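Here's the structure, in structure tokens; my notes come after.
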Amino acid sequence: MSETIRVDIWSDIACPWCYIGKHRFEAGVAAFTEAHPDVRIEVESHSYELAPDTPLDFQGSEIDFLVTHKGMPADQVEQMLGQMTEMAAAEGLSYDFSRVRHANTQRAHRVLHLAKDQGLQAEVQERLFRAYFAEGEDMSDPDALARLGAEAGLAPDAVRAALDSETYAEAVQQDIRRAQMLGISGVPFFLLEQQYGVSGAQSADAFAGVFEQVLELNRAAAAAAAAAEAEPVAVTP
1 MSETIRVDIW SDIACPWCYI GKHRFEAGVA AFTEAHPDVR IEVESHSYEL
51 APDTPLDFQG SEIDFLVTHK GMPADQVEQM LGQMTEMAAA EGLSYDFSRV
101 RHANTQRAHR VLHLAKDQGL QAEVQERLFR AYFAEGEDMS DPDALARLGA
151 EAGLAPDAVR AALDSETYAE AVQQDIRRAQ MLGISGVPFF LLEQQYGVSG
201 AQSADAFAGV FEQVLELNRA AAAAAAAAEA EPVAVTP
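With UniProt numbering applied, the sequence shown corresponds to residues 1 to 237, in that order.
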């Protein structure tokens, strides 16, 4: 009988650790499902805004934002982003912070909710990550989002409609409120089976190990429930 492990993931398109974490997570899923072909990992991504105070019309690089809005020293920012670029490269990802245009990601999150409704969430998320970190695309620009969404299988008109949709705006806020209720203060964050939290871009081996632990816990709980159901009920004459 097929078994399922549900994973809810909170992330932000503008989060460099989230893109790395996505690929490490997927590598962990691949390793685990190869060992357990009858177990399915069911994934749903959720919205989180790392910098909700970013103006919607902000024009500047990631360095500009961290220096001017966050008050970080420029040399510290340069060093930090250089290290991040090297870590991304080790995962086969290309980061080019000289091209990254820091943006408010509210609109991108609305597109991701549209993509979820159409069964294309993973594909659209991957396309937006690559566009942001490697190609210098503006995640707040409706034209760019419509074009990128179309490249991942969405209808451009549907993307544009989603950007003005109060339904999708509320869906984004619901994700953020749930993150707050769960005490999530940073992303990526992974919630397995609504019970077990994993924070940060862990290694592929670590993710595979967590899946093993959760599978054992699920099977133990199922066995205990079956045993309890099979116990005879004492009847007092």
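Glycine included, every Cβ here is placed at the ideal spot set by N, Cα and C.
Since this is a predicted model, take the numbers as computed values, not measurements.
The way I'd put it, the stretch 2-17 does touch the stretch 45-63; three or more beta-carbon pairs between them come closer than 8 Å. Counting along the chain, the unbroken alpha helix (DSSP H) around residue 23 starts and ends at 16-35. Secondary structure in the stretch 33-90: the beta strand (DSSP E) runs of 3 residues or longer, each lying completely within the stretch, are 39-47 in chain order. Distance from the CA of residue 74 to the CA of residue 4, rounded to the nearest whole angstrom, comes to 46 Å. Restricting attention to alpha helix (DSSP H) runs no shorter than 4 residues, the stretch 98-157 encloses them at 106-117, 121-134 and 142-151, ordered along the chain.
Residue 205: member of the alpha helix (DSSP H) spanning 204-230, first to last residue. Under the Cβ criterion (8 Å, minimum of three pairs), the stretch 27-35 counts as touching the stretch 206-223. Buried is the label assigned to residue 106, since at least 16 other Cβ atoms lie within 10 Å of its Cβ. The beta carbon of residue 214 sits closer than 7 Å to the beta carbons of 5, 192, 193 and 196 from its chain, once the five residues preceding and following it are set aside; these are given in chain order.
The alpha-carbon of residue 104 is positioned some 50 Å away from that of residue 226. With respect to the C-alpha of residue 111, the residue from 201, 135 and 155 having the closest C-alpha is 155.
Here residue 175 carries a helix assignment [DSSP, helix/strand/coil]. One thing to note: residue 91 has its Cβ no nearer than 8 Å to the Cβ of residue 9.
By a beta-carbon distance limit of 8 Å, residue 120 does not contact residue 150. Their separation comes to about 11 Å. Shortest Cα-Cα distance from residue 76 to any of 230, 171 and 63 involves 63. Secondary structure of residue 95 (DSSP, three-state): coil. Minimum Cα-Cα distance from residue 132 among the listed residues 161, 101, 164 and 147 corresponds to 101. When secondary structure is reduced to three states using DSSP, residue 163 falls in the helix class.
Under DSSP, no beta-bridge partner is assigned to residue 13.
The C-beta of residue 55 has fewer than 16 other C-beta atoms within 10 Å across all chains shown, which makes the residue exposed.
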